[in-house]
Ligand code: PAF
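In my numbering, the protein residues as written are 1 to 279.
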């Protein structure tokens, strides 16, 4: 596995492979990798000849009060995990390499999608994500890129980016991996204390109850959302949203619609967790 801190170095390694007709997959990450990332990388390996993973904590997608400074930088452990998952090239640029000039040009996703839900609680987040992902796509020029479905709205923003900018990249969603108790794997789970970790499964429980209700044909979406919010609040969480939405565009569904997703974000102590379940 080769580790490339520079754009030129990565391109010099990938250009000959591309010239030989190799299909290249990209898995973008911010590092601090867990088994969920590894499964995306393994999935990428089934879709391409060469798997490139990027590791870059992208300042543009963090608000000033968020956890950019304390986000764990664990490149050595990440490299061991990526090698085991079949990654052959790691792109791990410094901030000065990826943003040698202030990144004043931004990719602003459609507010109809990007200002909802996560975007409402994290203004500018999806602009930061779309900007860095567009840049990574230009640098790596993959034929396929894999993103986790845990970041459901992010995956939709990326799909829209590729579609509307006519980028020749197939976007694949990887299933969410869960701990034995159901907690979705996330880098931010590492912020939880032992007591919070024991409690954190309640987010999945709230979503599961909502999914069960929808599966039985219950279409009182507002009450289902309210029940989930109350469940979390009663247990000391500060939920930001629990919403039943259409899978197609994350808008509110009408009662007869199928293909729904329940999306949620909630704070447990100071840790913000997100999760979703498709129905
Ligand atoms: O999901 C993430 O880890 C990040 O948002 C991404 C896609 C790597 C962009 O920085």
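Glycine is no exception: its CB is placed at the ideal position from the N, C-alpha and C atoms.
- Linking residue 204 to residue 176 through their CA atoms gives a straight-line distance of about 12 Å.
- Here the alpha carbons of residue 234 and residue 170 stand approximately 43 Å from one another.
- Ranking 44, 108 and 91 by CA distance to the CA of residue 128 puts 108 first.
- Every alpha helix (DSSP H) stretch that sits fully inside the segment 198 to 233 and reaches 4 residues is listed by chain position as 201 to 215.
- Between the alpha carbons of residue 11 and residue 53 lies a distance of about 14 Å.
- Scanning its chain for C-beta atoms nearer than 6 Å, with the 5 sequence neighbours on each side dropped, one finds around residue 277 the residues 207, 211 and 262, in chain order.
- By alpha-carbon distance to residue 216, the top candidate from 279, 82 and 180 is 279.
- For residue 55, no alpha helix (DSSP H) encloses it; the enclosing beta strand (DSSP E) starts and ends at 50 to 55.
- Distance from the CA atom of residue 110 to the CA atom of residue 126, rounded to whole angstroms, is 10 Å.
- If you check the C-beta of residue 56 against the ligand PAF, you find a heavy atom less than 8 Å away.
- Ranked by how close their Cα comes to the Cα of residue 60, the residues 185, 103 and 92 have 103 in first place.
- Across the set 26, 31, 63 and 238, the C-alpha of 26 shows the shortest separation from the C-alpha of residue 46.
- The residue from 202, 41, 56 and 167 with its alpha-carbon nearest to that of residue 174 is 41.
- Assignment of residue 240 by DSSP, reduced to helix, strand and coil, places it in the strand class.
- Annotation for residue 138: the continuous alpha helix (DSSP H) segment containing it runs 125 to 140.
- Given a length threshold of 4 residues, each whole run of the alpha helix (DSSP H) inside the segment 37 to 88 is given here in chain order: 75 to 84.
- Taken through DSSP and simplified to helix, strand or coil, residue 15 comes out as helix.
- In this structure, the straight-line span from the alpha carbon of residue 195 to that of residue 269 is close to 11 Å.
- Remark: the C-beta of residue 107 is outside contact range of the ligand PAF, defined as less than 8 Å to any heavy atom.
- Note on residue 163: under 16 other CB atoms within 10 angstroms of its CB, so exposed under the neighbour-count rule.
- At least one heavy atom of the ligand PAF is found less than 8 Å from the C-beta of residue 154.
- Going by beta carbons, residue 74 and residue 105 fall outside the 9 Å limit.
- Around the beta-carbon of residue 119, 16 or more other beta-carbon atoms lie within 10 Å, marking it buried.
- Less than 9 Å separates the beta-carbon of residue 231 from that of residue 202.
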